[in-house]
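Participant:
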Amino acid sequence: MSALDPSALHRLYSDHNSWLKGWLRVRLGNTADACDLAQDTFLRVMTARHDTPIREPRGYLSAIARSLLIDKVRRRAIEQAYLQALALKPEPVDISPEIRLSIIETLISIDSLLDELGPRTREIFLAVQLEGLSYVAVAERFEVSVTTVKNHLIRAMTRCLLLVDN
Numbered sequence: 001m002s003a004l005d006p007s008a009l010h011r012l013y014s015d016h017n018s019w020l021k022g023w024l025r026v027r028l029g030n031t032a033d034a035c036d037l038a039q040d041t042f043l044r045v046m047t048a049r050h051d052t053p054i055r056e057p058r059g060y061l062s063a064i065a066r067s068l069l070i071d072k073v074r075r076r077a078i079e080q081a082y083l084q085a086l087a088l089k090p091e092p093v094d095i096s097p098e099i100r101l102s103i104i105e106t107l108i109s110i111d112s113l114l115d116e117l118g119p120r121t122r123e124i125f126l127a128v129q130l131e132g133l134s135y136v137a138v139a140e141r142f143e144v145s146v147t148t149v150k151n152h153l154i155r156a157m158t159r160c161l162l163l164v165d166n
């Protein structure tokens with residue numbers, strides 16, 4: 001497997017960059033973000049390994065761009081939730097841009113970790129941690145035993161601890 005050769009990359013960029021920007025502009029609603037995401041898409045293509053020629057360039061590019069778009073939307077949602085939580089704090093909070101970025105990156109890591117847990121484990125974990133439900137209440141809600149709830153929580157907490165260690 002090797003990287004896309006420079007002439008093929010140049011052709012791909014020349015032939016599809018304008019189309020990709022337009023495709024992204026429709027989904028994002030603004031040109032600046034569309035240009036940024038198109039550039040990120042071609043950066044991914046440039047650094048990816050290719051063992052066969054790209055047969056459906058627009059499908060390939062749109063799949064990469066869609067993934068980047070989902071990441072961008074998820075990041076915005078997390079950042080908005082964080083800013084709303086800050087706004088609800090009674091005392092003013094003055095956080096440096098570096099700390100703010102670190103907090104948002106941590107929240108994104110936690111969000112990714114929760115996505116990797118599997119739906120049942122994630123739902124049980126969130127019910128206990130965010131909703132404050134007891135193990136018994138969670139067991140009743142999901143129609144499982146308290147032992148099953150504990151096992152799901154152990155799995156989730158172990159992943160959280162591994163995230164902290166890294």
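So for the sequence shown, the UniProt record's numbering puts the first residue at 1; every next one is plus one.
Heads up, the beta-carbon is just placed ideally off N, CA and C, and yes, glycines get one too.
Between L153 and the rest of its own chain, which residues show a CB-CB distance below 7 Å, the 5 nearest in sequence each way excluded?
Facilitator: Excluding positions up to five away in sequence, the list reads I124, F125 and V128.
Participant: Taking the alpha carbon of S96 as the reference point, which residue from I108, I104 and A48 has its own alpha carbon closest?
Facilitator: Nearest option by C-alpha distance: I104.
Participant: What are the uninterrupted segments assigned as alpha helix (DSSP H) that are 4 or more residues long and contained completely in the segment 68–130, given in chain order?
Facilitator: Runs found: 97–116 and 119–129.
Participant: Does chain C have any CB closer than 8 Å to the CB of R100?
Facilitator: The structure shown contains no chain C, having only a single protein chain.
Participant: Starting from A139, trace the alpha helix (DSSP H) in both directions and tell me its first and last residue.
Facilitator: Note, A139: alpha helix (DSSP H), Y135 to F142.
Participant: Can you tell me the Cα-Cα spacing of L37 and V149, whole angstroms?
Facilitator: For L37 and V149, the distance between alpha carbons rounds to 41 Å.
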